[in-house]
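Novice: Below you'll find the structure I mean.
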Amino acid sequence: MSLVPAETDGRILLIANDDTFAHTYLDLHQLLAEQSEGDELRGAVEFFDTTGRRLAPVLDAQWRLVDLRPSSEPADPAAVRRRLEAVRDHLERFLRANPELLAPYRLGVAEAVDALPLLDGTLTDAIDEMPWHHRSHRGNFLHNAMHAAGWAH
1 MSLVPAETDG RILLIANDDT FAHTYLDLHQ LLAEQSEGDE LRGAVEFFDT
51 TGRRLAPVLD AQWRLVDLRP SSEPADPAAV RRRLEAVRDH LERFLRANPE
101 LLAPYRLGVA EAVDALPLLD GTLTDAIDEM PWHHRSHRGN FLHNAMHAAG
151 WAH
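153 is the number that full-length UniProt numbering gives the last residue of the sequence shown; the numbers go up by one with no jumps.
Here you go:
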C-alpha cells in the first residue's frame with residue numbers, strides 16, 4: 001500500500017532532521033519527479049503527511065527513494081508544527097547573518113524577514129503558509145533562501 005491515505009490531502013512534508021530545511025511537495029509523484037530531475041536529498045530527512053504522521057521511506061537497491069508508507073506511530077501535528085517553526089527561525093537567523101544573499105532579490109534584511117511565513121495555527125495552516133508547497137518555486141526567494149540556509153544546495 002502506497003501513500004495517499006484517504007484522510008490526507010496528499011501533500012508530503014520533508015524536514016531535515018536538524019531542522020535547518022523543509023520542503024513541501026504536492027504529492028509523492030512530485031517528490032519522486034524532483035528527485036529524479038537532480039533535486040536530490042543531501043542529508044538526513046524525515047517525511048510527514050499533513051496530519052503530522054511520520055512516513056517511512058521505501059528505498060530501492062541503490063538506496064533511492066521509491067515510496068513512502070505511513071508509520072505505525074500516532075500523528076503528532078503539534079510536534080511537526082514546532083519543527084517547522086524551528087526551520088523558519090533558522091532561516092531568519094541565516095538571512096540576518098548573510099544579508100549579501102538578498103542582493104539578487106533587491107531585498108533588505110527587514111523586508112526578507114517580513115516575507116517569511118507566519119506559522120501560527122494548526123499544522124495544516126502552517127503548511128498552507130509555506131510558499132514553496134504548491135507554486136512554481138524555481139527562482140522564488142523563499143525557496144532559494146531555504147536551500148541556502150539548509151543542508152540542500
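The beta-carbon is built from N, C-alpha and C at its ideal position, and this holds for glycine as well.
Between T50 and the ligand GDP, is the CB less than 7 Å from at least one heavy atom?
Specialist: No copy of the ligand GDP appears in this structure; indeed no ligand is present at all.
Novice: Compute the distance between the beta-carbons of V109 and R96, then report whether it is under 8 Å.
Specialist: Going by C-beta atoms, V109 is nearer than 8 Å to R96.
Novice: DSSP has residue 190 in a bridge; who is on the other side?
Specialist: Beyond the ends of the chain as shown, which are 1 and 153, falls residue 190; an answer cannot be given.
Novice: Tell me whether D76 sits in a helix, a strand or coil according to DSSP, three-state version.
Specialist: D76 falls in the coil class under three-state DSSP.
Novice: For V58, collect the residues of the same chain with a Cβ closer than 8 Å to its Cβ; drop the 5 residues on either side in sequence, then sort them by chain order.
Specialist: Around V58: L65, V66, D67, L68 and R69.
Novice: Can you give me the C-alpha to C-alpha distance between P104 and P77, rounded to a whole angstrom?
Specialist: Taking the straight line joining both Cα atoms gives about 36 Å.
Novice: Can you give me the Cβ contacts of R83 inside the same chain, cut-off strictly under 7 Å, excluding the 5 residues immediately before and after it?
Specialist: Within the same chain, R83 has close Cβ partners I15 and D19.
Novice: Between the beta-carbon of A115 and the beta-carbon of L102, is there less than 8 Å?
Specialist: No, the pair does not count as a contact, with Cβ atoms beyond the cut-off.
Novice: Here's the rule I'm using: 16 or more other beta-carbon atoms within 10 Å means buried, otherwise exposed. How should A61 be labelled?
Specialist: Counting Cβ neighbours within 10 Å, A61 comes out exposed, since fewer than 16 surround it.
Novice: Could you spell out the range, first to last residue, of the alpha helix (DSSP H) harbouring A112?
Specialist: First-last of the alpha helix (DSSP H) with A112: V109 to A115.
Novice: Kindly indicate the opening and closing residues of the alpha helix (DSSP H) around E129.
Specialist: It spans L123 to E129 - the alpha helix (DSSP H) in which E129 sits, taken as one unbroken run.
Novice: Could you check the C-alpha separation between N144 and S71 for me, to the nearest Å?
Specialist: Roughly 30 Å between the two C-alpha positions.
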